[in-house]
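Numbering follows full-length UniProt numbering, with no gaps: position 84 of the sequence shown is 84. The C-beta atom is built at its ideal place from N, Cα and C for all residues, glycine as well. No experiment lies behind these values; they were computed from the predicted model shown.
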Amino acid sequence: MEFEKFVENVKETIKDYLPMEYENAIVDLYPHEKLNESYLGMTVRNENQNISPTLNLNMFYEQLQTGRFNLNQIMEQMAEVVQMTPMSVHMGLLTDYDFAKHNLFIRVSDADRNQEMLSNVPHTRVENLAITYHVLIESGAGGIASSIVNNDMMKLFGVSKEQIHIDALNSSPRLFPAHIDSLNTVLENMARSDMRAAGVPEQEIEMMMKDMSQDMAVPLTIVTNEQTMDGAAVLFYPGYMDLIGEQLKGDYYILPSSVHEMLVLPDDGVMTSHELKAMVMAVNNTEVQPAEKLADEVYHYDTRGRIFEKAAAFEERQKAKGKEQTMPDKKEPNKSQPVHKPKHKANDMSL
């Protein structure tokens, strides 16, 4: 079945799978855009509903194409989604800035992949990344409901993008607290949990973990939020780049693992930006879902200069500095300045 025929069929028959109370419901189709993702959405809304779930028709069509579900089963799944109890939304969150500003938070995405959407959305570009602003509507065990701030909403709020940026940075750490931990610690905790679930005695676990910790030498740090959802934005929380630099005691590389987390690695000269970028691209192509992909890039934070930039640009700056330092001294033309990379100390200043 072609997608267009599938959509037509769904729109015409969805009410057959719903209770009588949906007999006069309004069925709407419209393109639905999200960061990194766009799809044809459908809503089935009664007259007394001001909000209703959006069905991702592209996703349901893909399920049909796999052969795991027949059309009848797909329609039953859709009917279940339609009947989900609509959340109670305080409309002031979407119309009154005095309410909305306390629920603002940031997300980070690839600016180049989202050009069309970003043309209608206030955002701040940092290298090839875009910081966008969102209003948290509801949060629970099943996930979160939010609305991206677009240009029309910003006009309705009557504030500037700069004000939204400031307020979103201030409220994001409260709504989505940061969680920064070494990869070694995360792996150790996972191993402990698995062994306890398997019934391994605690004494044996401690002995095994001691041996494991000696073998593990992964200097990666995971930067995300407590919800591990769109946690890559934590890197841009006020002062967090400096905080990470303090923990790592110097400069570091930043690997965009996904929109949900960043990985940071000390700049100790062991790996080049080209090697790290090849790693990121390989993982993005094999392990990361398209909707969760952040960027095929590696970044660097210079703790002394407090500069966030693409790693390749940082290395070019270092080469240029090296050339300047090896230029003959004007007062003593026969002597050369030695190339010296200074040690970087933690900077207590906030961004």
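- Beta bridge pairing from DSSP links H179 with T224.
- Counting other Cβ atoms within 10 Å of its Cβ, I244 reaches 16 or more and is therefore classed as buried.
- For E80, the closest of N128, D16, L136 and D112 by C-alpha to C-alpha distance is D16.
- DSSP places H300 within a strand segment (E or B) once states are collapsed to three.
- Distances from the alpha-carbon of E297 to those of T303, A291, D98 and M262 put M262 closest.
- Inter-residue distance for P173 and H179 is about 10 angstroms (C-alpha atoms, whole angstroms).
- Exposed is the label assigned to V270, since fewer than 16 other Cβ atoms lie within 10 Å of its Cβ.
- Counting only runs that start and end inside the region 227 to 300, the beta strand (DSSP E) elements of at least 3 residues fall at 252 to 258 and 261 to 266.
- Around the C-beta of R113, 16 or more other C-beta atoms lie within 10 Å, and the residue is accordingly described as buried.
- If you check the CB distance, T124 and K161 come in under 9 angstroms.
- Separation of L104 and V259 (C-alpha to C-alpha, rounded to the nearest whole angstrom) is 18 angstroms.
- In terms of Cβ geometry, R317 and M241 do not form a close pair [threshold 9 angstroms].
- Counting along the chain, M42 sits inside the beta strand (DSSP E) bounded by residues E37 to R45.
- Taking C-beta atoms under 8 angstroms as the contact rule, L136 and I144 qualify, at a distance of about 6 angstroms.
- By alpha-carbon distance to G231, the top candidate from I106, Q73, Q49 and D267 is I106.
- In the DSSP assignment, E309 falls within the unbroken beta strand (DSSP E) covering I307 to K310.
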